[in-house]
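Scroll down for the structure; my scribbles are underneath it.
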Amino acid sequence: MTSKVKDKVSTMKFGIIVFPGSNCDHDCRHVVTKVLGQEAQFIWHKERDLCGSDCVILPGGFSYGDYLRSGAMAACSPIMDAVKGFAAEGGLVIGICNGFQILQEAGLLPGALMRNDNLKFICRDVSVHVERTDTPFTCACRSGEVLRIPIAHMDGNFFADKKLITRMEKQRQLVLRYCDEEGNVAEEYNPNGSMEAVAGLVNDAGNVLGMMPHPERCSESQLGNTDGIKIFKSIVQWTKDRR
Amino acid sequence: MQAKVYVTLKKGVHDPQGEAVRHTLGSMGHKGISGVRVGKYIEVTLAEMPKEKAEAELKEICEKLLANTVIESYRYDIEGQG
Numbered sequence: 049m050t051s052k053v054k055d056k057v058s059t060m061k062f063g064i065i066v067f068p069g070s071n072c073d074h075d076c077r078h079v080v081t082k083v084l085g086q087e088a089q090f091i092w093h094k095e096r097d098l099c100g101s102d103c104v105i106l107p108g109g110f111s112y113g114d115y116l117r118s119g120a121m122a123a124c125s126p127i128m129d130a131v132k133g134f135a136a137e138g139g140l141v142i143g144i145c146n147g148f149q150i151l152q153e154a155g156l157l158p159g160a161l162m163r164n165d166n167l168k169f170i171c172r173d174v175s176v177h178v179e180r181t182d183t184p185f186t187c188a189c190r191s192g193e194v195l196r197i198p199i200a201h202m203d204g205n206f207f208a209d210k211k212l213i214t215r216m217e218k219q220r221q222l223v224l225r226y227c228d229e230e231g232n233v234a235e236e237y238n239p240n241g242s243m244e245a246v247a248g249l250v251n252d253a254g255n256v257l258g259m260m261p262h263p264e265r266c267s268e269s270q271l272g273n274t275d276g277i278k279i280f281k282s283i284v285q286w287t288k289d290r291r
Numbered sequence: 005m006q007a008k009v010y011v012t013l014k015k016g017v018h019d020p021q022g023e024a025v026r027h028t029l030g031s032m033g034h035k036g037i038s039g040v041r042v043g044k045y046i047e048v049t050l051a052e053m054p055k056e057k058a059e060a061e062l063k064e065i066c067e068k069l070l071a072n073t074v075i076e077s078y079r080y081d082i083e084g085q086g
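Taken in sequence, the protein lines are chains U and H. When you read off a place in the first sequence, starting at 1, and then add 48, the result is the number in this note's numbering. When you read off a place in the second sequence, starting at 1, and then add 4, the result is the number in this note's numbering.
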């Protein structure tokens, strides 16, 4: 009994927001519960409460069929007021693929994600360079580590004006960048035309991450690649270190 | 009353769709076309209201949903009684 209570205290509760058209919600739950042994709850987008979540995941998918702009409608869902409030208080929020698009449309992350420059849906493994390991989402990575993670998107072409890019670079907000397997960042390894080869970035405060690659799709050895688990492990480690 | 909303990419924002259309037009023999930009046209039907009020409402829906003002600009024409 005692140990059970103790486990409860040390276990994190992830809140996974489900929009109409989300399709990576179950993958995320599988990884955080079955692989990492944490708790997870699905939260329907029409709810207004995060029900005590320690970290919010906006999963990938095609919310509202990508109508109007990817993520535009989901960003106006009732639950997003709670997500904004949670983020403003320093709560950890991670948006993956469509979740990243939703975070930008909701104004929680800067810039925009536009149509891939080759106008194609790209579904393949890419390498991303971890630019810093002092964030809640990368603290379990080695400095300068290269992660191999799949992307699957049509609109991942990161855009921001020059001034914003300069500011974000100065504040070290560009956390993941497309690269080759050795970690060299160059235009030829950039799959979608993203400015500065951005694959993932954090907000000013560093508690909200958006990333186009799908770490939940490569978090188990059965799948042939476990690089993605480092992102989820980072969140758990960061949270436990601060309890 | 009805409003016609036009959402277009801001100047300087690369438009790969427009570029592809321009390229195809070139290959169709339209050699004089130097640029194409693809945008969106949206029709919004509103309850009858004074034009000023309609303008305020349209501005809000454009800013909050119809356009992403990081990359897009918008304009609208309101038709009908005012």
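Glycine included, each C-beta is placed from N, C-alpha and C at the ideal position.
| query | result |
| --- | --- |
| 8 angstroms contact criterion, which Leu98 of chain U and Ala130 of chain U should meet: CB distance rounded | 5 angstroms |
| Partner residues on chain H for Phe207 of chain U, Cβ-Cβ distance less than 7 angstroms | Val17 and Ile75 |
| Met5 of chain H at chain U interface by Cβ criterion, 8 angstroms | no |
| DSSP-derived helix/strand/coil call for Glu64 of chain H | helix |
| Beta-carbon contacts of Arg180 of chain U that lie in its chain and below 8 angstroms, excluding the five residues immediately before and after | Thr186, Arg220 and Val223 |
| Residue-chain proximity (Leu63 of chain H, chain U), Cβ-Cβ < 8 angstroms | As written in the sequence, residue 63 of chain H is Lys, which differs from the Leu given in the question. No, Lys63 of chain H lies away from the interface with chain U (no Cβ there is under 8 angstroms from its Cβ). |
| Element boundaries [beta strand (DSSP E), containing His177 of chain U] | Ile170 to Val178 |
| Contacts of Ala135 of chain U in chain H (Cβ-Cβ under 8 angstroms) | Under the 8 angstroms cutoff, chain H gives no residues; its nearest Cβ is about 18 angstroms from Ala135 of chain U. |
| Own chain, CB closer than 7 angstroms to Thr12 of chain H, minus 5 neighbours either side, in chain order | Arg41, Gly43, Glu76 and Ser77 |
| C-beta neighbour in chain H for Asp129 of chain U, strict 8 angstroms | no |
| As assigned by DSSP and simplified to three states, the class of Leu161 of chain U | strand |
| Contact set for Val246 of chain U: own chain, Cβ-Cβ below 7 angstroms, skip 5 residues either direction | Phe206, Leu222 and Arg225 |
| is_contact[Thr50 of chain U, chain H] using C-beta, thresh 8 angstroms | Bear in mind that a pLDDT of 45 at Thr50 of chain U, under 50, signals an unreliable position, so the number given afterwards is only what the model happens to contain. Closer than 8 angstroms: no. |
| Secondary structure, beta strand (DSSP E): runs of 3+ residues fully inside the segment 178–240 of chain U | 194–201, 205–207 and 222–227 |
| Backbone secondary structure at Ala88 of chain U - three-state DSSP | strand |
| Neighbourhood of Gly30 of chain H by C-beta distance below 8 angstroms, restricted to the same chain and skipping five residues each side | Ile37 |
| Min CB distance Leu29 of chain H to chain U below 8 angstroms | no |
| Within-8 angstroms CB hit, Glu8 of chain H to chain U | For the record, residue 8 of chain H in the displayed sequence is Lys; it is not Glu. Closer than 8 angstroms: no. |
| Where Ser77 of chain H sits in the DSSP three-state scheme | strand |
| When U:Glu137, U:Phe148, U:Phe134 and U:Val284 are compared against Arg117 of chain U, the one with the closest alpha-carbon | U:Phe148 |
| Residues near Pro293 of chain U by beta carbon distance below 8 angstroms, same chain, minus five either side | This structure cannot settle anything about residue 293 of chain U, because the visible part of chain U is limited to 49 through 291. |
| Exposure label - Lys281 of chain U; buried when at least 16 CB within 10 Å | buried |
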